[in-house]
Amino acid sequence: MKKVKSVNKFNLTKIKAIILSFIIAIVLASFVIYLVQSIHANPKWDDYCGKIRGYPKPIYDAKGVERQVNETECVSTNGTWINNYCDYYYECQQQFNNATDKHKNIVFLVSVPVGLIAVGAGIILALPSVSSGLMLGGGILTIYGVGQYWENLSNWVRTLILGVVLLILIWLAYKKLRA
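For the sequence shown, the positions run 44 to 222 when this note's numbering is used.
Structure follows, in structure tokens:
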């Protein structure tokens with residue numbers, strides 16, 4: 044009977060360690076993501092284009108039929124003429140896109156290094172529940188950070204990032220996880 048209790052106690056401890064690992068991973072990733080959001084919030088479209096109330100009143104020809112705005116009328120009403128179309132949101136959309144790209148770059152520059160440091164710390168630390176949690180959380184942060192800015196990177200930069208991360212992970216695993 045004592046042997047059964049010992050096995051059950053061991054399994055329960057192992058389950059607790061696994062749960063703690065997942066909790067550490069989620070809290071670590073959430074902490075870094077919300078820290079970045081607190082310091083440099085994601086831009087909101089309304090802050091850039093929300094004051095624009097849409098198109099000016101329709102223009103009618105001599106017969107009273109509504110007609111399309113021409114380039115001169117578009118520009119005179121603060122629009123941007125693009126391919127026979129008057130875009131009243133072009134300027135503010137460009138500003139919003141630039142602000143969004145800047146935010147994604149900051150997320151990338153914070154999340155990836157913190158994620159790699161967490162993975163490295165997880166490999167170095169001896170307590171399995173904490174080290175596993177740090178490794179998983181670091182992995183989540185790295186994927187999140189790279190994913191935020193991925194579309195803005197060229198294929199060569201993407202390849203370089205993946206290659207460097209892969210080499211670091213293999214080196215850490217080789218140095219710290221050898222049996």
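Cβ atoms here follow ideal geometry from the backbone N, Cα and C, with glycine treated the same way.
On the DSSP letters alone, give me the boundaries of the alpha helix (DSSP H) that residue i sits inside.
i	result
asparagine 126	Counting along the chain, asparagine 126 falls outside any alpha helix (DSSP H), and DSSP gives it neither H nor E.
leucine 196	Careful: leucine 196 lies outside any alpha helix (DSSP H) and carries neither H nor E.
valine 118	114-119
Specify the secondary structure class of residue i as computed by DSSP and reduced to three states.
i	result
aspartate 130	strand
isoleucine 95	coil
leucine 170	coil
lysine 87	coil
Could you tell me how far apart the beta carbons of residue i and residue j are, in whole angstroms, since I believe they sit closer than 8 Å?
i	j	result
leucine 177	glycine 165	3 Å
tyrosine 192	alanine 72	Between alanine 72 and tyrosine 192 the Cβ distance is about 16 Å, and since that is not below 8 Å, they are no contact.
lysine 112	cysteine 135	One detail in the question is off: residue 112 reads as valine in this sequence, not lysine. Their Cβ separation, rounded to whole angstroms, is 18 Å, which puts valine 112 and cysteine 135 out of contact at 8 Å.
Select from the options the residue whose C-alpha is nearest the C-alpha of residue i.
i	options	result
tryptophan 214	Glu116, Ile167, Leu196	Ile167
threonine 143	Lys59, Ala60, Asp89	Asp89
cysteine 92	Tyr133, Cys129, Leu205	Tyr133
asparagine 195	Val150, Pro156, Val173	Val150
valine 118	Tyr131, Leu170, Ala60	Tyr131
leucine 212	Gly122, Gly163, Pro171, Gly180	Gly163
glutamine 138	Pro86, Ser64, Thr202, Ile102	Pro86
isoleucine 76	Asn51, Gly107, His146, Ile125	His146
alanine 216	Trp199, Leu203, Ser174, Arg201	Ser174
State the beta-bridge partners of residue i as determined by DSSP.
i	result
tyrosine 103	Glu109
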